[in-house]
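Under our numbering, the first residue of the sequence shown is numbered 258, with each subsequent residue one higher.
Reviewing the structure listed below.
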Amino acid sequence: MMMNLKNILFGAMLLVAASSCQKQEEDLVFGESPDVRMKAKIDSINNALTTAPNGWKATVGTGLKGGYGFYMDFDDQQVVKMVADLTDASATKIEGSNYRVKQDNGATLIFDTYNYISMLNDPNPSVYNGTIREGLRSDLEYRFLRSNADSIIFVGKRYSQQLVLAKATAAEKDAYNTGAYKTSIDKTKAIFQSFKNPYIEVNIGGVATKLALSIFSGTKTLDIGSVLPDNKTVLNTFKFAFNLKGFDILAGGNHRDLVFTKGEVEGNSIFIHDIAGNKYEIKNSANPILPIEVMFSFDGAFNAITVAGTKQPEGVSSSFNSIWTALVNFHAANGMVTHSVNFRLSTSKVAVLDVRFQSGSTVYLASAEYNYTLTDGVLKLTAPIATNGNWNNGWVSTAVRNYFSGGEFKLTYISGSDPNAGTLGGLIKVSDPAAIFYGKLSKL
258 MMMNLKNILF
268 GAMLLVAASS
278 CQKQEEDLVF
288 GESPDVRMKA
298 KIDSINNALT
308 TAPNGWKATV
318 GTGLKGGYGF
328 YMDFDDQQVV
338 KMVADLTDAS
348 ATKIEGSNYR
358 VKQDNGATLI
368 FDTYNYISML
378 NDPNPSVYNG
388 TIREGLRSDL
398 EYRFLRSNAD
408 SIIFVGKRYS
418 QQLVLAKATA
428 AEKDAYNTGA
438 YKTSIDKTKA
448 IFQSFKNPYI
458 EVNIGGVATK
468 LALSIFSGTK
478 TLDIGSVLPD
488 NKTVLNTFKF
498 AFNLKGFDIL
508 AGGNHRDLVF
518 TKGEVEGNSI
528 FIHDIAGNKY
538 EIKNSANPIL
548 PIEVMFSFDG
558 AFNAITVAGT
568 KQPEGVSSSF
578 NSIWTALVNF
588 HAANGMVTHS
598 VNFRLSTSKV
608 AVLDVRFQSG
618 STVYLASAEY
628 NYTLTDGVLK
638 LTAPIATNGN
648 WNNGWVSTAV
658 RNYFSGGEFK
668 LTYISGSDPN
678 AGTLGGLIKV
688 SDPAAIFYGK
698 LSKL
């Protein structure tokens with residue numbers, strides 16, 4: 258019995274060994290070993306990066322803002338030189354840094370030393386307005402995704418934002434290296450700022466439709482909104498990055514059944530292009546294209562009016578401004594900094610006023626809830642139906658409380674003097690039309 262058991266074990270060991278040898282032989286029959294294949298992939302990526310004669314145009318997205326444009330030139334000494342659309346200086350000053358392509362759960366492009374991409378990842382807010390822990394949620398390590406003859410696409414390992422490289426032409430290389438990038442960016446921004454209420458006209462399902470645009474150079478985002486046949490609204494936000502002709506819309510801007518890919522400057526106009534090859538001139542309207550009564554509701558494109566920080570949007574005359582200043586001063590006198598004020602419709606019946614104030618890195622919330630009705634753009638609030646501890650402890654000034662409690666308001670768009678403030682909205686108090694609470698329209 259013992260001999261038979263030994264024979265069985267010995268036979269099993271021979272089978273395992275034979276299987277292992279056979280598996281290795283099969284790997285070599287169907288291709289090289291995984292390590293050899295990975296080395297070949299890394300060599301292929303390095304070769305593609307370094308042999309593009311005119312370098313690469315590039316775009317990358319961020320998690321907290323929009324997209325950013327680059328020109329990159331990789332050499333075979335693991336140095337990449339670049340310009341970028343982050344600042345005026347970065348658009349003209351060529352900076353070099355080190356890079357590697359290595360195996361790290363797949364072939365990975367790594368930016369080893371500080372460069373313009375690093376600014377998007379920098380956790381110091383004074384560098385590029387990133388958050389303390391995450392910067393703008395942009396990566397320094399990008400996993401290879403796919404490529405063709407003219408482009409390579411990587412994806413960020415932590416935040417999953419795509420880094421897209423496209424081969425540049427000789428003329429584009431010269432333009433990026435001689436300061437033309439900044440010239441193009443400046444012209445595109447100037448045209449942006451000339452629009453008060455930009456829109457494009459498209460055909461959707463055989464119906465001529467106006468799409469409202471909001472273009473934010475500061476955050477590098479583009480909003481596109483329209484009214485659906487059932488009178489509801491749809492609003493999409495897209496990331497964009499500047500290029501030599503205008504801007505690229507990252508990952509395609511899908512609004513209803515249209516996909517927008519880029520904007521190009523022609524003379525003093527900008528045309529939005531779609532994936533089918535059509536182009537649409539951005540036009541300007543004296544008044545907003547979409548009525549605020551349609552856009553603002555608890556389930557609409559906007560459901561909130563937001564003021565971030567201690568300053569209201571510039572260039573608006575309202576008696577509420579003195580109420581705001583008093584609130585900011587009240588917080589300061591008590592060792593706090595006003596962080597934000599948000600008025601939002603949280604459900605079809607309940608509105609919420611959130612007042613946040615900050616000490617160091619700690620943000621506190623004082624909050625009140627109201628019942629409301631909203632009919633034909635007229636908003637009516639009850640007295641507060643619920644409040645939290647900070648509200649009850651007096652962290653919201655009496656004037657702010659009185660403005661909202663039991664108030665009746667007319668919804669309105671607001672015009673300010675800052676072109677980068679976004680789409681502004683306000684609540685005009687019916688009993689005192691000079692008193693307007695206003696801020697950026699948002700979806701919370």
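All C-beta atoms, glycine included, are put in the ideal place defined by N, C-alpha and C.
Contact between Tyr695 and Ile562 holds: CB atoms are separated by about 7 Å, below the 8 Å threshold. According to DSSP, residue pairing for Gln569 in a beta bridge does not occur.
Scanning Trp313, Glu665 and Leu584 for the CA closest to the CA of Ala432 turns up Trp313.
Val653 sits buried, since 16 or more C-beta atoms from the chains shown fall within 10 Å of its C-beta.
If you draw a straight line from the Cα of Thr494 to the Cα of Gly324, it is about 12 Å long. The secondary-structure analysis by DSSP pairs Phe449 with nothing; it has no beta-bridge partner.
Here DSSP, grouped into helix, strand and coil, assigns Asp611 to strand. The C-beta of Val459 has 16 or more other C-beta atoms within 10 Å across all chains shown, which makes the residue buried. A Cβ-Cβ contact shorter than 8 Å links Phe577 with Tyr660. Here Met295 has Gln360 as same chain residues with Cβ atoms under 6 Å from its own Cβ, once five neighbours each way along the sequence are excluded. Beta-bridge partners assigned by DSSP to Asp332: none are found.
Taking a contact to require three or more Cβ pairs closer than 8 Å, the segment 439-451 and the segment 525-539 qualify as touching.
DSSP, reduced to helix, strand and coil, places Gly664 outside both helices and strands of the structure shown, so it counts as coil. Under DSSP, Pro382 takes part in no beta bridge, so it has no partner. Counting C-beta pairs with one atom in each stretch, the segment 665-682 and the segment 470-481 have three or more that are closer than 8 Å, which means they touch. Sequence-distant partners of Asp633 (beyond 5 residues in either direction) whose C-beta falls short of 7 Å from its own C-beta, in its chain, are Glu550.
DSSP places Met339 within a strand segment (E or B) once states are collapsed to three. Under the DSSP assignment, Thr365 falls in the beta strand (DSSP E) whose first and last residues are Ala364 to Phe368. Here the segment 425-444 lies against the segment 345-363, with 3 or more beta-carbon pairs under 8 Å apart. Ser579 and Gly566 have their C-alpha atoms roughly 16 Å apart. In the three-state reduction of the DSSP assignment, Val620 falls in the strand class. Burial is judged here by how many other beta carbons sit within 10 angstroms of a residue's own beta carbon; Gln418 has at least 16 and is buried. Counting only residues of its own chain and dropping the five nearest sequence neighbours on each side, Ser597 has a CB closer than 6 Å to the CB of Ala565 and Arg613.
Per DSSP, reduced to three states, the secondary structure at Leu638 is strand.
A residue is called buried when at least 16 other Cβ atoms come within 10 angstroms of its Cβ; Ala341 meets this threshold and is buried. Partner residues in the beta bridge of Gln419, as assigned by DSSP, are Val412. If you compare the alpha carbons of Arg394, Gly363, Asp407 and Lys338 with that of Tyr373, the shortest gap goes to Lys338.
Taking a cut-off of 8 Å on C-beta distances, the segment 460-467 touches the segment 510-517, as three or more cross pairs fall below it. In the structure shown, the three-state DSSP call for Asn544 is coil. In this structure, DSSP gives Lys314 an extended state, which the three-state scheme calls strand. Per DSSP, reduced to three states, the secondary structure at Ile527 is strand.
As summarised for the segment 650-696, the continuous beta strand (DSSP E) elements at least 3 residues long and confined to that stretch are 665-671 and 681-686, given in chain order. Per the coordinates, the alpha-carbon of Val421 lies some 6 Å from the alpha-carbon of Phe411. DSSP places Ala305 inside the alpha helix (DSSP H), whose first and last residues are Pro291 to Thr308. For Gly392, the pairing in a beta bridge is given by DSSP as Thr388.
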